[in-house]
Each structure stands twice: as structure tokens, then as C-alpha cells.
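Residue numbers for the sequence shown, in the working numbering: 520 to 625.
The beta-carbon is built from N, C-alpha and C at its ideal position, and this holds for glycine as well.
Below is one structure, written out as C-alpha cells; comments come after it.
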Amino acid sequence: MRAGSLDRVITVQRANEARDEFGQVTQTYATIATLRAAKIQASTTEFLQGAGIQGEAAVIFRTRWLDGLTVRDRVLCEGIAHDIKELKEIGRRKGIDIRTVARNAQ
């Protein structure tokens with residue numbers, strides 16, 4: 520993985536649940552890492568066909584290994600939130616492919 524190909528800055532966030540002043544459970548996100556990544560656009564039909572989801576943009580981010588990353592986390596890139604659907608290790612913890620589906624994709 521060459522540094523020059525990591526042309527995007529992504530933020531990995533983890534969900535936290537807290538109660539507001541009315542006692543309602545609200546979900547907030549805390550940043551756990553800011554990373555350089557390569558954005559790889561996946562074929563929509565190929566990626567989403569197995570998941571059974573339609574009308575959403577599938578994106579794969581390739582970045583250096585981040586320990587502790589789970590599918591419950593999310594990725595922010597260029598102001599768009601992406602839900603993590605799958606994580607694939609590259610080599611022996613050299614890198615990671617983060618398969619995501621963008622929220623509110625147009």
C-alpha cells in the first residue's frame with residue numbers, strides 16, 4: 520500500500536448511547552481515529568445484491584490497519600456518513616478494506 524494512493528481523509532467514529540435531559544436515549548458518535556485512505560467505488564449490483572439493499576451507494580475504503588475497528592462503527596468521508604458492513608484484513612495486519620454503505624446516498 521503506497522502512501523500516494525491514500526488520497527482521502529476519513530474519520531472513524533464509534534456510537535455512544537446517553538440519556539438527554541428528558542430521559543430519552545440518544546445516540547452520539549465519538550471520533551476514534553482520523554486516517555488517510557483510498558476510496559474504491561464498488562459495483563453497486565455486485566456489492567448490494569448479496570445484502571439485498573437497493574438504492575444505496577457502496578464504497579470500499581482501503582487504509583492502514585486499525586486495531587479494534589468493528590462493524591458497529593461508522594466512517595465519515597467528505598461529510599457523508601458510511602455504515603460499515605464488512606472488514607477485510609490485507610496481509611498480516613498491514614491494511615484493511617472497509618466495505619461500507621453510504622447513508623442518504625443520492
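Considering only residues of the same chain and omitting the five flanking positions on each side of E536, which have a CB-CB separation below 6 Å?
Your numbering for residue 536 matches position 17 in the sequence shown. Once the five neighbours on either side are set aside, the close Cβ partners of E536 are V544 and Q546.
Would D586 and A534 qualify as a contact pair, given that the criterion is a beta-carbon distance under 9 Å?
Along the sequence shown, one-based indexing puts residue 586 at 67. Along the sequence shown, one-based indexing puts residue 534 at 15. Result no, Cβ atoms of D586 and A534 do not sit closer than 9 Å.
Rounded to whole angstroms, how far is the Cβ of A577 from the Cβ of I599, which I believe are closer than 8 Å?
As a first step, residue 577 must be located in the sequence shown, where it is residue number 58. As a first step, residue 599 must be located in the sequence shown, where it is residue number 80. Between I599 and A577 the Cβ distance is about 13 Å, and since that is not below 8 Å, they are no contact.
Quick one: using the 10 Å Cβ neighbour count with 16 as the cut-off for buried, is I579 buried or exposed?
The count along the sequence shown starts at 1 and reaches residue 579 at position 60. Under this definition I579 is a buried residue.
In three-state terms, what does DSSP make of G523?
Position 4 of the sequence shown holds residue 523. Helix.
What first and last residue would you give for the beta strand (DSSP E) that runs through L606?
If you number the sequence shown from 1, residue 606 lands on position 87. Run containing L606: I599 to I609, per the beta strand (DSSP E) assignment.
Across which residues does DSSP place G614 in a beta bridge pair?
By one-based count along the sequence shown, residue 614 stands at place 95. Paired residue(s): R583 and I609.
Smallest Cα separation from S524: which of T582, E608, V590 and T550?
Taking the sequence shown and counting its residues from 1, the one referred to as residue 524 is at position 5. Ranking T582, E608, V590 and T550 by Cα distance to S524 puts T582 first.
When you compare each of G614, H601 and E608 to Q560 by their alpha carbons, which one comes out closest?
For the purposes of this step, residue 560 is taken as residue 41 along the sequence shown, with counting starting at 1. Among G614, H601 and E608, the Cα nearest to that of Q560 belongs to H601.
Cα separation between E597 and Y548?
In the sequence shown, residue 597 corresponds to position 78, counting from 1. In the sequence shown, residue 548 corresponds to position 29, counting from 1. Cα to Cα, the separation comes out at about 16 Å.
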